[in-house]
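Student: Structure below; questions to follow.
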Amino acid sequence: MAKKVAVIGAGVSGLASIRCCLEEGLEPICFERSNDVGGLWKFSEHVEEDRASIYPSVFTNSSKEMMCFPDFPYPEDYPNFLHHGKLQEYIRTFAEKKNLLRYIQFETLVSSVKKCPSFLVTGQWEVVSEKNGKQESTVFDAVMVCSGHHVYPNLPNDSFPGLDQFQGHYLHSREYKGPEAFKGKRVLVIGLGNSGCDIAVELSRLATQVMISTRSGSWVMSRVWDDGYPWDMVYITRFASFLQNALPSFLSDWLYVKKMNTCFKHENYGLMPLNGALRKEPVFNDELPSRILCGTLFIKPGVKEFTETSAVFEDGTVFEAIDVVIFATGYAYAYPFLDDSIIKSRNNEVTLFKGIFPPMMEKPTLAVIGLVQSLGAAIPTADQQARWAAKVFANSCTLPTTKEMMDDIDMKMGKKLKWFGQSQTLQTDYITYMDELGSFIGAKPNIPWLFLTDPQLALQVFFGPCSPYQFRLMGPGKVGWGQKGHLDPMGPDSKANQDKSGIERFKGQYFHSRQYKNPEGFEGKRILVIGIGNSASDIAVELSKKASQVFLSTRQGSWVLSRISDNGYPWDMVVHTRFRAMLQNVLPRAVQKWMLERQMNQWFNHENYGLEPQNKYLMKESVLNDDLPSRILYGAIKVKSRVTELTETSATFEDGTVEEDIDVIIFATGYTFSFPFLEDSLVKVDDNMVSLYKYMFPPHLEKATLACIGLIQPLGSIFPTVELQARWVTRVFKAIEYLLFLYNFEHLVNLPFSLSSLRFGESQSQILQTKYIDYLDELAAEIGAKPDLLSLLFRDPKLAVKLYFGPCNSYQYRLMGPGRWEGAKSAILSQKQRLLKPLKTRALEPAFNFPVSLLLKILGLLAIALAFFF
4 MAKKVAVIGA GVSGLASIRC CLEEGLEPIC FERSNDVGGL WKFSEHVEED
54 RASIYPSVFT NSSKEMMCFP DFPYPEDYPN FLHHGKLQEY IRTFAEKKNL
104 LRYIQFETLV SSVKKCPSFL VTGQWEVVSE KNGKQESTVF DAVMVCSGHH
154 VYPNLPNDSF PGLDQFQGHY LHSREYKGPE AFKGKRVLVI GLGNSGCDIA
204 VELSRLATQV MISTRSGSWV MSRVWDDGYP WDMVYITRFA SFLQNALPSF
254 LSDWLYVKKM NTCFKHENYG LMPLNGALRK EPVFNDELPS RILCGTLFIK
304 PGVKEFTETS AVFEDGTVFE AIDVVIFATG YAYAYPFLDD SIIKSRNNEV
354 TLFKGIFPPM MEKPTLAVIG LVQSLGAAIP TADQQARWAA KVFANSCTLP
404 TTKEMMDDID MKMGKKLKWF GQSQTLQTDY ITYMDELGSF IGAKPNIPWL
454 FLTDPQLALQ VFFGPCSPYQ FRLMGPGKVG WGQKGHLDPM GPDSKANQDK
504 SGIERFKGQY FHSRQYKNPE GFEGKRILVI GIGNSASDIA VELSKKASQV
554 FLSTRQGSWV LSRISDNGYP WDMVVHTRFR AMLQNVLPRA VQKWMLERQM
604 NQWFNHENYG LEPQNKYLMK ESVLNDDLPS RILYGAIKVK SRVTELTETS
654 ATFEDGTVEE DIDVIIFATG YTFSFPFLED SLVKVDDNMV SLYKYMFPPH
704 LEKATLACIG LIQPLGSIFP TVELQARWVT RVFKAIEYLL FLYNFEHLVN
754 LPFSLSSLRF GESQSQILQT KYIDYLDELA AEIGAKPDLL SLLFRDPKLA
804 VKLYFGPCNS YQYRLMGPGR WEGAKSAILS QKQRLLKPLK TRALEPAFNF
854 PVSLLLKILG LLAIALAFFF
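The sequence shown: position 390 = 393 (our numbering), numbered continuously.
Here it is as structure tokens:
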């Protein structure tokens, strides 16, 4: 007779447990208190007691190829990071396809799990369940606890003196359901985990002010990694795991910290962890750095105390007039249906062998599935745990003695404290843990054997992402398509573009982007945005948080840049330097093209996202958007090619694909310019082109007494550009620079346009573009305000170096000549200090970083010297 197994909870852990029990010939009965599968991922508009609760905007932190059930891949067209609704759809489909629903008793609460009187002999359990007010007691041969650990909020009131006096509203993050109720509020979020950051970022768009308080800081990672691939497909590899375990700790720590600081320098943003070398679970947020850089969100240290209306932080600063405090302080794990003696906790560590089995049990007939927090995906981890536990229940595997299990727990505890710290003792290294469980059931990939039998697959297994398919390549539960899953990892794919054909037939709403004000009213809509400029991208990203689906149609594609550049500095302070401008002007065109493409693809591979420009070597203005790649990766935005035809409800694209049920079309197709108050003969606009000397003066006028200011698109800031234009124009009007206009310069106007078409293309939207520093220097030279670098190099070398290698800002054009400003030098030398002032709102002690890079350079020089002399 088959053994009966009680499975408590029908989330991903519960479903994995049911399926694994069936594979081992066991008889599972699952108890689920709600009316559906999904557990944590079953969204509800309301907070339900004793149930996990998520907010509407939750996306997964693991990508689809890394978080599937090992023998049940996601559909190919699913986005790489899933909205909770999409994941719930996948979970429900898995339960249906695997015929698991018939083993689940929905709307049934487990109130008690106790050892039977004969437990020492039989290992059986008495499970008391409740449904519709009626209790039922059933005896089971084994129990699998799959109730999760995001149920009971940790609200540490005692840790915050004065909270009882606070007159505002406070709540735990599990009660948060959307930003609308916080519009115009001053909000303090306590906690720097994933929920805390997601909520703070979302609120920062509607609230008056948002601050995050953190005691220990955290590494913040983007989901978008090398070449735009999901972070876990790049980071979670056997090769990376091998290096982490094989390298000396000081070198491994240095590499880890260096990698974590790749996108931005955490110290500058007040986010640096107190112990940066610990492998704590990082925060995954694609928007947090840019929100800090934009000043809509501030990072503060731990809260020392509350007053009636404010919070005093550990550094002595105060946040006044707080309306709401949100505690994103995690969860306590508890099993109210179990006796406390069964699953013990010591020093924040649940004492479980391999995070699954209570070691002190006389019979190994109870397992906890899904409690471990590995630095990887939860679904394959729970599946691997359930496979082993089911085999133990079926007597196919045996456990060590109690002493051996306790010794293993103590040894692992020491390693966990070293790698993850005291507060993260449920964490474990993903690949090491998965391999350990895999070895117990014969499912760990045998790489040496694979190398002999299938070298291509062996290389993919070792150097490629450690996906769930690896653990179905061999042993029990082996599936035939595992190899294909490895050799064809999924990546984002799409093309790019726009047209108006058939707009008169379209029955939905359409308008130009200038009429767009906010995303309210577009909830649940399917929206097509035509264009790929800054407005189009901003609107598409904003709508993607509310709409059902957003499509972005582009004819030519575009480079997309983040506002955050090297070490977290603003992009223009890194890009706009005289040194870079010099390289652009002196390097061969072929080298420039290679450097441009490499720089633009540094963040993500535009080709993989369907965004690569048709002529990628033109110096067209890039789209600045910090969120677009991640929204594409989530599937919230789909990039499409040019629209060839519109019907009443659909759009047909150049690649032949059709998107049905379009509700709204937004034309972000730019602007034409005209001067209706001027005679056409004065400033003639022909095909959106206008002939102006230096983009200002009509060259055919007898007197230089009319100028257009700001009719230009420099690849840089408009403020210093128009200021220099105005300075020159006013001097011309005063006849100080009159000699330039004794002749007709109409023949010189075409030269900039011919150069412009070579650099930027012939598109109407690009015809007014010009190189930023070259143009500013050109104007400054006319009025004697161009910095004399050679002279400065002898008189003030420090300032000269700053001017040449540092950001080319407007202060440089007030150092000399007419309009000279005495404070210009000081402003140039102190610009970094002013940049960091609004970012470093959480004071940190200067961290000592071992100069590994210097050591490596010294060792390299020594090696060269030894090779030369010996």
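Think of the CB as a built atom: it goes at the ideal place given N, C-alpha and C, for glycine as much as any other residue.
Since the model is a prediction, treat every value here as computed from it, not as a measurement.
(1) Verify whether the separation of the beta carbon atoms of residue 450 and residue 461 is less than 7 Å.
(2) Using the beta-carbon count (16 or more within 10 Å), is residue 24 buried or exposed?
(3) Quick check on residue 689: does DSSP put it in helix, strand or coil?
(4) Could you give the first and the last residue of the continuous alpha helix (DSSP H) run that contains residue 228?
(5) Do you know how far the Cα of residue 156 is from the Cα of residue 164?
(6) Restricting to Cα atoms, I'd like to know which of 716, 811, 397 and 201 is closest to residue 59.
(7) Does the beta-carbon distance from residue 131 to residue 121 come in below 7 Å?
(8) In three-state DSSP terms, what is residue 268?
(9) Can you give the beta carbon distance from residue 336 to residue 374, rounded, assuming they're within the 8 Å contact cut?
(10) Classify residue 876 as buried or exposed, calling it buried when 16 or more other Cβ atoms lie within 10 Å of its own Cβ.
(11) Taking the beta carbon of residue 49 as the centre, do at least 16 other beta carbons fall within 10 Å, making it buried, or is it exposed?
(12) Specify whether the region 54 to 71 and the region 604 to 624 touch according to this definition: at least 3 beta carbon pairs, one from each stretch, less than 8 Å apart.
(13) Among residues of its own chain, excluding the 5 on either side of residue 5, which ones have a beta-carbon nearer than 8 Å to its beta-carbon?
(14) Jot down the residue ranges of each uninterrupted beta strand (DSSP E) in the region 587 to 654, minimum 3 residues, whole runs only, in chain order.
(15) Between residue 698 and residue 715, how many whole angstroms is the CB-CB distance? I'm expecting something under 8 Å.
(16) Express the C-alpha separation of residue 383 and residue 390 in angstroms, rounding to a whole number.
(17) In whole angstroms, what separates the C-alpha of residue 173 from that of residue 312?
(18) Could you compute how far the alpha carbon of residue 782 sits from the alpha carbon of residue 540?
(19) Within the chosen definition, does the region 598 to 605 reach the region 825 to 836 through at least 3 CB pairs nearer than 8 Å?
(20) Is the Cβ-Cβ distance between residue 227 and residue 633 less than 7 Å?
(21) Using the Cβ count rule (16 or more neighbours within 10 Å means buried), how would you classify residue 706?
(22) At the level of alpha carbons, what is the spacing between residue 286 and residue 198?
(23) Between which two residues does the beta strand (DSSP E) carrying residue 31 extend?
(24) How should residue 452 be labelled, buried or exposed, when 16 other C-beta atoms within 10 angstroms of its C-beta is the threshold for buried?
(25) Using only CA atoms, which one of 277, 393, 385 and 291 lies nearest to residue 204?
(26) Kindly give me the distance between the Cβ atoms of residue 665 and residue 529, rounded to whole angstroms, as I take these residues to be in contact under 8 Å.
(27) Within 10 angstroms of its Cβ, does residue 773 collect 16 or more other Cβ (buried), or is it exposed?
(28) For residue 813, which residues from the same chain have a beta carbon less than 6 Å from its beta carbon, with the 5 sequence-adjacent residues on both sides left out?
(29) Who are the near neighbours of residue 412 in its chain, counting only those whose CB is closer than 7 Å to its CB and skipping five residues on each side?
(30) Give me the residue from 102, 277, 298 and 191 with the minimum Cα distance to residue 322.
(31) Using beta-carbon positions only, say whether residue 515 and residue 670 come within less than 7 Å of one another.
(32) What ranges does the alpha helix (DSSP H) occupy inside the region 165 to 220, keeping only unbroken runs of at least 4 residues that lie completely in it?
(33) Leaving out the 5 sequence neighbours to the left and right, which residues in its chain are closer than 7 Å to residue 277 when beta-carbon positions are compared?
(34) Residues in its own chain within less than 7 Å of residue 206 by CB, not counting five upstream and five downstream?
(35) Need the endpoints of the alpha helix (DSSP H) that residue 465 sits in, please.
(36) Bridge partners for residue 552 per DSSP, in chain order?
Tutor: According to the structure shown:
(1) Yes; because the gap between Cβ atoms is below 7 Å, this pair is in contact.
(2) buried
(3) strand
(4) Here residue 228 belongs to no alpha helix (DSSP H), and DSSP marks it neither H nor E.
(5) 19 Å
(6) 201
(7) Remark: C-beta atoms of residue 131 and residue 121 do not approach each other more closely than 7 Å.
(8) coil
(9) 7 Å
(10) The shown model of the chain, from 4 to 873, leaves out residue 876, and the question about it has no answer.
(11) exposed
(12) no
(13) 28, 29 and 30
(14) 640 to 643 and 646 to 649
(15) 4 Å
(16) When the Cα atoms are used, residue 390 and residue 383 turn out to be separated by approximately 10 Å.
(17) 12 Å
(18) 32 Å
(19) Here the region 598 to 605 makes no contact with the region 825 to 836; the two share fewer than three CB pairs at distances below 8 Å.
(20) Judged by beta-carbon spacing, residue 633 lies within the 7 Å limit of residue 227, meaning their Cβ atoms are closer than that value.
(21) exposed
(22) Straight-line Cα distance between these residues: approximately 9 Å.
(23) 30 to 35
(24) exposed
(25) 291
(26) 5 Å
(27) buried
(28) Counting only Cβ-Cβ distances below 6 Å, and skipping sequence neighbours, we find 723.
(29) Within its own chain, the residues whose Cβ lies closer than 7 Å to the Cβ of residue 412, once the five positions on either side in sequence are excluded, are 354, 356 and 362, listed in chain order.
(30) 191
(31) Yes, these two residues count as a Cβ contact at 7 Å.
(32) Fully enclosed alpha helix (DSSP H) runs of 4 or longer: 197 to 206.
(33) 219 and 220
(34) 182, 185, 190 and 213
(35) 458 to 466
(36) 529
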